[in-house]
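Novice: Protein chains in written order, with the numbering used here: chain A, 49 to 204; chain B, 63 to 320.
Think of the CB as a built atom: it goes at the ideal place given N, C-alpha and C, for glycine as much as any other residue.
Everything numeric in this text was worked out from a predicted model, so none of it was measured.
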């Protein structure tokens, strides 16, 4: 066997092939594989983290729910209490007002009675004066006898 | 009725390369063309797959190449110390290219030469790895790389010193030089000749089977073909592993490590 161009041709071919495979297959593919394994690791880590977050959120939700329930019952109790208070207030207020109205009505009645009585007195006096005038056949001067008539009215 | 009446002529015919030129410029056209064609297939596949790699949904050829790549990478990781960007592509190319060239052996031995002779081409050897120029060409390239890395990683002085002190110590340095030179030269020679020898022998057995009467060929031919699937894979694997190992040796700083 001699050293021939075939030998160097094959060496060159080999070198070119290695360079090509390096540049177009091995390089991109190892890069891609590394990227893929990194992404898988990231994904698994994210899933793990997500699970933890979920657990925490669930615990928090349960806690919140409990707190909320407690608050709600407290609010309910307060509201009931307040409602009772309002009812009581309303009752007392109404009672008060009713009393007011009643007393106003009473005083009105008294006032009306007095007025009626007064009018009645005046009417009685006039009647008396008229009647006396008829009896005496003489005109009584109302003005002249006003004092006397006033006294009479007072006596009735 | 055998394929030919003259077995010696038949075998000699099959063992002759399609050659042009003389002396240094004698070129084995069939070896070059077939290795280029197979290299072109490798290049084409690499380029097509490498151009649009899909990290999420790999399919078809990409799966195959990924599997080979990881296989090669595992081999490298188990033998190769440290890191070298060249070793991966080198081992990958060795494995795939040698496998493709070896696989030409599985084609019916007379198929392509017959077609060629009909086209007026007198000789054709279709398995490039049965030509020592191919196997030794690759082995010498690897050898050149080992020398380069020996110089770069261990330093020229350390490397030359290993010729003096290995394996018997400094006082027997003349013997050491001879021994180490032989040892170093044996590496590429054994690397190239192992592949050549295996493939040559395999081809020869196919020729002998082809010399049997036609009704007796299917059993040994089938058996040898099936066995040969193992051989071509194994030989490409061995060539790759030895390539990695020789380069790994060149990368180890320890002078005693061999």
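Identify whether residue 291 (chain B) lies in helix, strand or coil by the three-state DSSP scheme.
Specialist: In the second chain, the residue the question calls residue 291 (chain B) occupies position 229. Residue 291 (chain B) falls in the helix class under three-state DSSP.
Novice: Considering only their Cβ atoms, is the gap separating residue 77 (chain A) from residue 126 (chain B) smaller than 7 Å?
Specialist: Residue numbering aside, residue 126 (chain B) sits at position 64 when the second chain is read from its first letter. Residue numbering aside, residue 77 (chain A) sits at position 29 when the first chain is read from its first letter. No. Outside cutoff.
Novice: Sort B:217, B:261, B:243 and B:138 by Cα distance to residue 229 (chain B) and report the nearest one.
Specialist: Numbered from its first residue, the second chain carries residue 229 (chain B) at position 167. Out of B:217, B:261, B:243 and B:138, B:243 has the C-alpha closest to the C-alpha of residue 229 (chain B).
Novice: Along the stretch 140 to 170 of chain B, what residues have a CB closer than 9 Å to any CB found in chain E?
Specialist: In summary, chain E is missing from the structure at hand, where the protein chains are A and B.
Novice: With a CB to CB cut of under 7 Å and the five nearest residues on each side skipped, what residues in its chain are close to residue 320 (chain B)?
Specialist: Start at 1 with the first residue of the second chain, and residue 320 (chain B) comes out as number 258. With a pLDDT of only 42 at residue 320 (chain B), under 50, the local geometry of the prediction cannot be trusted, and the value read off the model is given with reservation. These residues qualify, in order along the chain: 311.
Novice: For chain A, check one thing: does any of its Cβ atoms lie closer than 7 Å to the Cβ of residue 117 (chain B)?
Specialist: Mapped onto the second chain, residue 117 (chain B) falls at position 55. So yes, residue 117 (chain B) belongs to the interface.
Novice: Quick one: which chain B residues come within Cβ less than 7 Å of residue 92 (chain A)?
Specialist: Within the first chain, numbered from 1, the residue matching residue 92 (chain A) stands at position 44. The premise fails here: residue 92 (chain A) is roughly 16 Å from chain B at the closest Cβ pair, so nothing lies under 7 Å.
Novice: Which parts of the stretch 214 to 292 of chain B are runs of the alpha helix (DSSP H), unbroken and 4 residues or longer, counting only runs that do not cross its ends?
Specialist: Entirely contained in the stretch 214 to 292 of chain B, the alpha helix (DSSP H) runs reaching 4 residues are, in chain order, 218 to 227 and 235 to 272.
Novice: Considering only DSSP beta bridges, list what residue 89 (chain B) is partnered with.
Specialist: Start at 1 with the first residue of the second chain, and residue 89 (chain B) comes out as number 27. Answer is B:82, bridged to residue 89 (chain B).
Novice: Ordered along the chain, which non-local residues of its own chain (more than five positions away) have a Cβ less than 7 Å from that of residue 295 (chain B)?
Specialist: Here residue 295 (chain B) refers to the residue found at position 233 when the second chain is read from its first residue. The residues are 161.
Novice: For a cutoff of 7 Å on Cβ pairs, would you count residue 254 (chain B) as touching chain A?
Specialist: Indexing the second chain from 1 puts residue 254 (chain B) at position 192. Not one chain A Cβ lies under 7 Å of residue 254 (chain B).
Novice: Assuming residue 268 (chain B) contacts residue 286 (chain B) (C-beta within less than 8 Å), just tell me the rounded distance between them.
Specialist: Mapped onto the second chain, residue 268 (chain B) falls at position 206. Mapped onto the second chain, residue 286 (chain B) falls at position 224. Rounded, the Cβ-Cβ distance is 7 Å, consistent with contact.
Novice: What are the residues of the stretch 93 to 118 of chain B that lie near chain A, defined by any Cβ-Cβ distance shorter than 7 Å?
Specialist: Against chain A - using a Cβ distance shorter than 7 Å - the residues of the stretch 93 to 118 of chain B are 93, 94, 97, 98, 101, 104, 105, 108, 109, 111, 112, 115 and 117.
Novice: Is the separation between the beta-carbon of residue 172 (chain B) and that of residue 189 (chain B) shorter than 7 Å?
Specialist: Position 110 of the second chain, counting from 1, holds the residue named residue 172 (chain B). Position 127 of the second chain, counting from 1, holds the residue named residue 189 (chain B). No, they are not a contact pair.
Novice: Of the residues A:116, A:185 and A:170, which one's Cα is nearest the Cα of residue 199 (chain A)?
Specialist: One-based indexing of the first chain puts residue 199 (chain A) at position 151. Among A:116, A:185 and A:170, the Cα nearest to that of residue 199 (chain A) is on A:170.
Novice: Rounded to a whole number of angstroms, what is the C-alpha to C-alpha distance between residue 139 (chain B) and residue 234 (chain B)?
Specialist: Along the second chain, one-based indexing puts residue 139 (chain B) at 77. Along the second chain, one-based indexing puts residue 234 (chain B) at 172. Looking at the two C-alpha atoms, the distance is approximately 37 Å.
Novice: Could you name the residues of the same chain whose beta carbon sits closer than 7 Å to that of residue 298 (chain B), not counting the 5 residues immediately before and after it, in chain order?
Specialist: Along the second chain, one-based indexing puts residue 298 (chain B) at 236. Taken in chain order, the residues that qualify are 157, 160, 161 and 164.
Novice: For the alpha helix (DSSP H) that residue 196 (chain A) lies in, which residues bound it at each end?
Specialist: The residue you call residue 196 (chain A) lines up with position 148 of the first chain. Taken as a continuous stretch (DSSP letters only), the alpha helix (DSSP H) holding residue 196 (chain A) covers 194 to 203.
Novice: Please report the residue range of the alpha helix (DSSP H) in which residue 128 (chain A) lies.
Specialist: Residue numbering aside, residue 128 (chain A) sits at position 80 when the first chain is read from its first letter. Its alpha helix (DSSP H) spans residues 75 to 184.
Novice: Locate the alpha helix (DSSP H) running through residue 77 (chain B), then write down its first and last residues.
Specialist: For this step, residue 77 (chain B) is matched to residue 15 along the second chain. Premise fails: residue 77 (chain B) is in no alpha helix (DSSP H) and is neither H nor E.
Novice: Nearest chain A C-beta to residue 302 (chain B) closer than 7 Å, yes or no?
Specialist: Reading the second chain from its first residue, position 240 is the one you call residue 302 (chain B). No, residue 302 (chain B) does not count as interfacial toward chain A.
Novice: Going by CA-CA distance only, name the one from B:145, B:87 and B:123 that's closest to residue 314 (chain B).
Specialist: Against the second chain, residue 314 (chain B) aligns to sequence position 252. Closest by alpha carbon: B:145.
Novice: Given 8 Å as the limit, is there contact between the stretch 57 to 77 of chain A and the stretch 194 to 211 of chain B, that is, 3 or more CB pairs closer than that?
Specialist: Output reads yes: the stretch 194 to 211 of chain B touches the stretch 57 to 77 of chain A.
Novice: What is the DSSP secondary structure of residue 119 (chain B), reduced to helix, strand or coil?
Specialist: Residue numbering aside, residue 119 (chain B) sits at position 57 when the second chain is read from its first letter. Reduced to three states, the DSSP call for residue 119 (chain B) is coil.
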